[in-house]
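These protein sequence lines map, in sequence, to chains A and B. This note's numbering applies: residue 3 is where the first sequence begins, and numbers increase by one. This note's numbering applies: residue 306 is where the second sequence begins, and numbers increase by one. Scroll down for the structure; my scribbles are underneath it.
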Amino acid sequence: MNRSISYGALVAGACLAGSALAQTPAAAPAPAPSWQQGRSADQSSSTLHPIAPILTGRPASELPTDKLKVPAGFKVEVYADGIPEARSLALGDKGTVFVSNRNLKDVYAITDQGGKRTVTKVLKGLNAPNGVAFKDGTLYVAERHRITAYDGIEDRLATPPEARVVIDNLDPQQQAGHFWKFLAMGPDGKLYYNVGAPGNIVMPAYYQATINRVDPKTGVTEVYASGVRNSVGFDWDPRTKELWFTNHARDWVSDDTPEDTLHRAARKGMNFGYPFCHQGDLLDPDFGKGRACGEFDAPAARLGAHIAPLGLRFYTGSMFPAEYRNGMFIAMHGSWNRTSKQGYNVMHASVGRDGKVTLKPFLEGFLQDAKADPPMWGRPVDVLVMKDGALLVSDDYNGIVYRVSYAK
Amino acid sequence: MTIAPTRWRRSSRRRGRLLAQSALAVAAMASCAAASAAGTDAQREKAAPCIACHGDEGRSVLAEIPSLAGQPKQFITTQLVMFREGNRKNPVMNALAAPLSNAEISELGSYFAAQSAAPAAKPLAADAAGAGRGLVEKLGCVTCHGAELKGQQHIPRLAGQRPEYLRTQLLGFKAGTRFDMDGNMTAAAQPLTPADIETLATYLSALP
């Protein structure tokens, strides 16, 4: 498809050059916005569109939080509001919860003193600071173009230290599409981050559509996994130390394909198929010709089409019943590129001895009307296991963090 | 009702100076405010600095100044946040938005969204209206701006907007100089000729 279009343009250009030299050449067509890229001609009047967050945030008191539903024995409450576009979550050694932004520029800290919580904007003026990770007293932040470290920040939230650059120049071309980064500290002491595909369905450069790792001591980076369209959530199995991650499949194929996926990267160097193969068995209509899905590493599970899995964490706490331990919580941001919307919840995924993944709803109630626009009043982004075993869930649409706890 | 309460003017000399320097603002202050049908007194007081340029209840009578009345709340709040953060650039708006809290921005959004939209410019001749409608359909404006071009969520209402403002925004998008959160309008404006922009601005401003 792409090839024939550019060939057509070349022919047209040649004809123009021969016949109408005096005319001003037409400007090169601007690329479609990345969310529209790959849309077919007969989809061009589609009213499906990504859903923008409410950038002021909304007070929890104005929202139907009583509609939230958790399994029997669990309780969900508002942990903190007033954190516009609350995205990724990281837990400090002393209990501070750090919360990131994507379209905005800030990192917030939630502190809790005897149940009284305070929300403070601790970092400002950052460039799409979507990724946050914490290790040994240092907060790491992944912006669009760099990863920085803030040493000892928990002791000086009011006067945070200057950023120490871990690695710079992560976005040398100001890439389109998925420019925001998730960040997590691996069991090997290296920081893992994604570099998303620069569009919906395009041929990525070698460093794009990857999960990478950087050694914070040396700044040396390497590609860890490739063929990953965009992963905005990963964690390591506490038993095997293997990396698990969520991945968003391409849009504009159909309502039900391809499905978004959950992956296990048992070692460095695996390739999960983008842009050639999606969901393990669906060759891409444009890029898949002449390729086979067998060339690539298969997903561990399919999660649903356009369901938008984001944050993923293994449950390592002791508060929840035993069946939750060592399973994963996955935040589903929810679909936009689908006629009838789905997701907008937190699922629990457990992995059987045979490797089969079983998914069960854990936190629901954000979705109001699957056919409405917008279909929901809130959108889960990330999950975080607290020291007491409770689970925090961020919501970027409203700028709220919820807490799910369990009492026998 | 005073249009610009002295308490507000005292609170920021810089903002006051910016406004005082604006002939547009002075012109607007000369017009008298009608009693508001929607909104609380507190909201009207908060909105007073806006009304100085954007017109009574946000219905602009000034060429380059957009109407805010009847815009979707999320459009108003998104733009105010982006002015405050410096992503969208305009010296007057950046200065006015700088001190606003999220709650204040949200309140302003509620107030202006609740006002009835400005009356449309006088109806166009059939051929001009047909040309405008044809362009709107060809470009797919309704896909995002809604069937009646009244906006939705973070997408602005275009119907009845000031034509001069629409023209300036479209030229800015075409030039790639107008802030664009998701790249939609920059892409959409690329094929437009100056004549197309004129046709669109005129057509949209005449829509009820």
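Beta carbons are placed, not taken as given, at the ideal position from N, Cα and C, and that holds for glycine. Source: prediction; values computed, not measured.
Next item on the list: Check whether the region 355-371 of chain B touches the region 385-396 of chain B, taking contact to mean three or more Cβ pairs, one atom from each stretch, closer than 8 Å.
Entry: Taking one beta carbon from each stretch, the region 355-371 of chain B and the region 385-396 of chain B have fewer than 3 pairs nearer than 8 Å; the two do not touch.
Note to self: In whole angstroms, give me the CA-to-CA distance for G437/B and A506/B.
What the structure shows: Going by C-alpha positions, G437/B is about 9 Å away from A506/B.
Check: Can you tell me whether DSSP reads S415/B as helix, strand or coil?
Finding: In the structure shown, S415/B sits in a helix (DSSP, three-state: H, G or I).
Margin query: Would G363/B pass as an interface residue toward chain A - the criterion being a Cβ-Cβ separation below 7 Å?
Written below: No, because no Cβ of chain A sits closer than 7 Å to the Cβ of G363/B.
Checklist line | Pick from G319/A, R327/A, V383/A, G329/A that is closest to S337/A, judged by C-alpha positions | finding: Of the listed residues, the one whose Cα sits closest to S337/A is V383/A.
Next item on the list: Compute the Euclidean distance between the alpha carbons of A268/A and F247/A, then round it to the nearest angstrom.
Entry: Using only the alpha carbons, I get a separation of about 11 Å.
Item checked: Contact list for S47/A against chain B, beta-carbon separation under 9 Å -> By Cβ distance, chain B contributes G445, V447, T448.
Note to self: Using beta carbons (cut-off 7 Å, strictly below), is G488/B in contact with chain A?
What the structure shows: Residue contact check for G488/B against chain A: a CB pair falls below 7 Å.
Margin query: Along the chain, where does the alpha helix (DSSP H) containing F322/A start, and where does it finish?
Written below: Per DSSP, F322/A lies in no alpha helix (DSSP H) segment and is marked neither H nor E.
Checklist line | Inter-stretch contact (C-beta, 8 Å, three-pair minimum) for the region 237-244 of chain A and the region 310-326 of chain A | finding: Judged by Cβ distances under 8 Å, the region 237-244 of chain A makes contact with the region 310-326 of chain A, as three or more pairs qualify.
Checklist line | Other residues of its chain near K410/A: CB distance less than 8 Å, five sequence neighbours each side excluded | finding: The residues are G75.
Notebook entry, point to check: At what residues does the alpha helix (DSSP H) containing I56/A begin and finish?
Noted result: Note, I56/A: premise wrong, no alpha helix (DSSP H); not H, not E.
Note to self: For L106/A and L185/A, which I take to be in contact (beta-carbon distance under 8 Å), what is that distance rounded to the nearest angstrom?
What the structure shows: Contact doesn't hold; Cβ gap of about 17 Å is too wide.
Checklist line | Under 7 Å from the C-beta of N407/B: neighbouring residues of chain A | finding: Per Cβ cutoff of 7 Å: T58, G59, P86.
Item checked: Residue burial classification, P404/B (beta-carbon count within 10 angstroms, cutoff 16) -> Its Cβ having fewer than 16 others within 10 Å, P404/B is exposed.
Notebook entry, point to check: Is it the case that the Cβ atoms of P468/B and S510/B are separated by a distance below 7 Å?
Noted result: Yes; because the gap between Cβ atoms is below 7 Å, this pair is in contact.
Note to self: Looking only at its chain, what residues have a beta carbon closer than 8 Å to the beta carbon of M187/A, apart from the 5 residues adjacent to it on each side?
What the structure shows: Hits under 8 Å: A135, F136, K137, Y142, L193, Y194.
Next item on the list: State the beta-bridge partners of Y110/A as determined by DSSP.
Entry: Bridge partners of Y110/A according to DSSP: V101/A, K123/A.
Checklist line | Helix, strand or coil at E145/A [DSSP, three-state] | finding: DSSP places E145/A in coil when its eight states are reduced to three.
Next item on the list: Taking 7 Å as the cut-off, decide whether the C-beta atoms of F274/A and D299/A are in contact.
Entry: Result yes, Cβ atoms of F274/A and D299/A sit closer than 7 Å.
Next item on the list: Quick one: grab the DSSP three-state call for K479/B.
Entry: The three-state secondary structure of K479/B, taken from DSSP, is helix.
Checklist line | Per-residue burial, T67/A [other beta carbons within 10 Å of its own, 16 or more giving buried] | finding: Classification for T67/A: buried.
Checklist line | Whole-Å CB distance - V204/A paired with Q39/A, under 8 Å assumed | finding: Indeed they touch by this definition, with Cβ atoms about 7 Å apart.
Next item on the list: Quick one: which unbroken alpha helix (DSSP H) runs of 4-plus residues sit fully inside the region 419-487 of chain B? Chain order, please.
Entry: Fully enclosed alpha helix (DSSP H) runs of 4 or longer: 431-444, 446-450, 468-480.
Checklist line | Distance between beta carbons of D501/B and L440/B, contact taken as under 8 Å | finding: The C-beta distance from L440/B to D501/B rounds to 6 Å, short enough to fall under 8 Å.
Notebook entry, point to check: Can we say the region 469-479 of chain B touches the region 410-428 of chain B, given the rule of at least three CB pairs closer than 8 Å?
Noted result: These segments do not touch.
Check: Shortest alpha-carbon distance to L172/A belongs to which of G221/A, G191/A, V101/A?
Finding: That would be G221/A, whose Cα lies nearest to the Cα of L172/A.
Notebook entry, point to check: How long is the line joining the alpha carbons of T223/A and A82/A, rounded to whole angstroms?
Noted result: Near 36 Å, if we compare the C-alpha coordinates of A82/A and T223/A.
Next item on the list: Report yes if the CB atom of R34/A is closer than 7 Å to the CB atom of A494/B, and no otherwise.
Entry: Reading the sequence as shown, one finds Ala at residue 34/A and not Arg. It is not a contact, given that the beta carbons lie outside the stated cut-off.
Notebook entry, point to check: How far does the alpha helix (DSSP H) with N399/B in it reach, from first residue to last?
Noted result: Where N399/B is concerned, the enclosing alpha helix (DSSP H) stretches over 396-402.
Next item on the list: Could you check what DSSP says for F388/B in three-state terms: helix, strand or coil?
Entry: The answer is helix: DSSP assigns F388/B an H, G or I state.
Notebook entry, point to check: Would you call the region 448-457 of chain B and the region 411-419 of chain B touching, i.e. three or more CB-CB distances under 8 Å?
Noted result: In short, these stretches do not touch, since the Cβ pair count stays below three.
Item checked: Environment of S47/A [buried if 16+ CB atoms lie within 10 Å] -> Per the 10 Å Cβ criterion, exposed.
Next item on the list: Mind checking who N400/A pairs with in its DSSP beta bridge?
Entry: Note: N400/A sits in no beta bridge, so no partner.
Item checked: For F236/A, the three-state DSSP class (helix, strand or coil) -> Of the three classes helix, strand and coil, the one that applies to F236/A here is strand, per DSSP.
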